[in-house]
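Visitor: Numbering (the numbering used here), first residue to last: 15 to 339.
For glycine and all other residues, C-beta sits at the position ideal for the given N, C-alpha and C.
Just so you know, these numbers come straight off a predicted model, no measurement behind them.
Following this message is one structure expressed as structure tokens.
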Amino acid sequence: MTTPPGFADIRAAALRLSGLIVETPLIESPELNKRFGARILFKPETLQRTGSFKFRGAYNKLSSLSDEERSRGVVAFSSGNHAQGVAASAAMFGVKAVIAMPTDAPAMKVGNVRKTGAEVVPFDRFRDDRMTVVRPYVERGMILVPPFDDPAIIAGQGTIGLELMAQAKALGVSLDAVVIPCGGGGLSSGISIAVKDASPGTAVWAVEPEHFDDTCRSLAKGLRVSIEPGHTSICDALLTTEPGAITFEINRRNLAGGIAVSDSAAAQAMRDAMAHLKLVVEPGGSVGLAALSSGEIELSGKCVAVVLSGGNVDFSTYAEIMAAA
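Shown next as structure tokens:
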């Protein structure tokens, strides 16, 4: 297994990203604080470049490549947010990008990738092996930019944790817990490294969609396990089947646990984000907020940070979820 990144790698990523990313703020809602009996600080990566946290890791990965490697072009697979991050980063470096995207990926995400000039290769997420789809491009020399299981990707996502802990310190608060959406584990593992460096006693929780809780199940068993096939979820950004080898090794050490939330809970969290934070959050980006209602995190009198990881959702999908309230 490749050596996991450390805190120094996250600091180096922050320097590479300086001036290129949005330092997303910490915001809160008196109404939500009252509902949960706690101080809840939200970090809205919905406001990040390309609409999600994924730009951080993608740009850090591309910036870590040599000029010769970048000249060969990059290839990735993603349901949308990583795709947009890689495509935008490739455009900034002036290199070719090929992105394999599932046929059921949100149209807005596919359109955003194409707008950058990247080539989109469609595949069926339920029948096709994504590595098989991208292998011909890798064999011709293009550099694979994985969505989560890569030290540079993890370090880039970890810059959120650096910002988060510095912002909490500036507010004069000590965080009891940090709650993070989780797909393959790149976001939760990266943030956890930075959080634990600054505050070893802060609990870090990963949140996944119901039936796609591979990290939850893996943490319970103490080894990586895959989910059972045949399920779907509105949380398209988090539909991984197994944690990454590197990400799980970090999460196994750093996480307090994992929480699975239903689609209905994620939808309600989207409504709460709009009503109380005035933010458009996609289903997968809202699961951390949804987890606050699960009863699995001690909230009373605590100070908890929640990462809202992305806001890329088709208007029709968003309107349908809002109307279902």
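Take I167 as the anchor and find which of G33, P18 and G272 has the nearest alpha-carbon.
Guide: With distances taken between Cα atoms, I167 lies closest to P18.
Visitor: If you draw a straight line from the C-alpha of R86 to the C-alpha of L252, how long is it?
Guide: Taking the straight line from one Cα to the other gives about 29 Å.
Visitor: Which residues in the same chain as A182 place their Cβ atom closer than 6 Å to its Cβ, once the five residues preceding and following it in sequence are excluded?
Guide: Closer than 6 Å at the Cβ level, and outside the excluded window around A182, lie L189.
Visitor: Tell me the DSSP secondary structure of M156 in three-state form.
Guide: M156: coil per DSSP, three-state reduction.
Visitor: Tell me, please, which residues DSSP counts as bridged to I41.
Guide: Looking at the DSSP assignment, I41 forms a beta bridge with F56.
Visitor: With DSSP as the reference, identify every bridge partner of M115, one or two as the case may be.
Guide: Bridge partners of M115: P136.
Visitor: Starting from V317, follow the beta strand (DSSP E) in both directions and report where the run begins and ends.
Guide: As written in the sequence, residue 317 is Cys, which differs from the Val given in the question. Counting along the chain, the beta strand (DSSP E) containing C317 begins and ends at C317 to L322.
Visitor: Helix or strand or just coil, what does DSSP make of E334?
Guide: E334: helix per DSSP, three-state reduction.
Visitor: Between which two residues does the alpha helix (DSSP H) carrying E263 extend?
Guide: Taken as a continuous stretch (DSSP letters only), the alpha helix (DSSP H) holding E263 covers A259 to N268.
Visitor: Tell me, please, whether the region 213-221 touches the region 154-168 by the rule of three or more beta-carbon pairs shorter than 8 Å.
Guide: At 8 Å Cβ cutoff, the stretches do not touch.
Visitor: Is the distance from the Cβ of T117 to the Cβ of R144 below 9 Å?
Guide: No, they are not a contact pair.
Visitor: Is it true that the CB of G197 sits closer than 9 Å to the CB of P161?
Guide: Going by C-beta atoms, P161 is nearer than 9 Å to G197.
Visitor: Just verifying my parser: in three-state terms, what is the DSSP assignment at G204?
Guide: Correct three-state label for G204: helix.
Visitor: Count the CB pairs spanning the region 287-300 and the region 23-32 that are closer than 8 Å, and state whether there are at least three.
Guide: Not touching, per the Cβ criterion.
Visitor: What residue from N47, G204, M115 and A105 has the CA that sits closest to A28's CA?
Guide: Closest option to A28, Cα to Cα, is G204.
Visitor: By DSSP, does S308 sit in helix, in strand, or in coil?
Guide: Residue state, collapsed to three classes: coil.
Visitor: Between which two residues does the beta strand (DSSP E) containing A281 stretch?
Guide: First-last for A281: D277 to D286, but that is the alpha helix (DSSP H), not the beta strand (DSSP E).
Visitor: Mind reading off the beta-carbon distance from P257 to A281? Whole number of angstroms is fine, and I expect it under 8 Å.
Guide: Not really, about 25 Å apart at Cβ, beyond 8 Å.
Visitor: Span of the alpha helix (DSSP H) holding I1?
Guide: This structure does not reach residue 1, given that the chain is present from 15 up to 339, and the question cannot be answered.
Visitor: Alpha carbon to alpha carbon, how far is V124 from V134? Give it in angstroms, no decimals.
Guide: Straight-line Cα distance between these residues: approximately 8 Å.
Visitor: Distance, Cα to Cα, A191 vs C317?
Guide: For A191 and C317, the distance between alpha carbons rounds to 7 Å.
Visitor: Quick check: the region 41-59 against the region 301-321, are there 3 or more CB pairs under 8 Å?
Guide: Yes, since at least three Cβ pairs between the region 41-59 and the region 301-321 fall closer than 8 Å, the two stretches touch.
Visitor: Rounded to whole angstroms, what's the CA-CA distance from V89 to H96? Just pull it up for me.
Guide: Cα to Cα, V89 sits roughly 11 Å from H96.
Visitor: When we look at the beta-carbon of R141 and count the other beta-carbons within 10 Å, is it buried (16 or more) or exposed?
Guide: Exposed, since its Cβ has fewer than 16 Cβ neighbours within 10 Å.
Visitor: Note down, in chain order, each residue of its chain lying with its Cβ closer than 6 Å to the Cβ of L269, except the 5 sequence neighbours on either side.
Guide: So the qualifying residues of the chain are V218 and A220.
Visitor: Residue range of the alpha helix (DSSP H) that P18 falls in?
Guide: No alpha helix (DSSP H) contains P18, which DSSP labels as neither H nor E.
Visitor: For a quick check, are the C-beta atoms of R238 and F262 less than 9 Å apart?
Guide: In this structure, F262 lies closer than 9 Å to R238 by Cβ.
Visitor: Between R84 and L76, how many whole angstroms is the CB-CB distance? I'm expecting something under 8 Å.
Guide: Between L76 and R84 the Cβ distance is about 7 Å, and since that is below 8 Å, they are a contact.
Visitor: Assign F91 to one of three DSSP states: helix, strand, or coil.
Guide: In this structure, F91 counts as strand in the three-state DSSP scheme.
Visitor: Within the continuous alpha helix (DSSP H) that includes S124, where are the two ends?
Guide: First, the residue type needs correcting, since residue 124 is Val and not Ser in the sequence shown. Here the alpha helix (DSSP H) through V124 covers A121 to K129.
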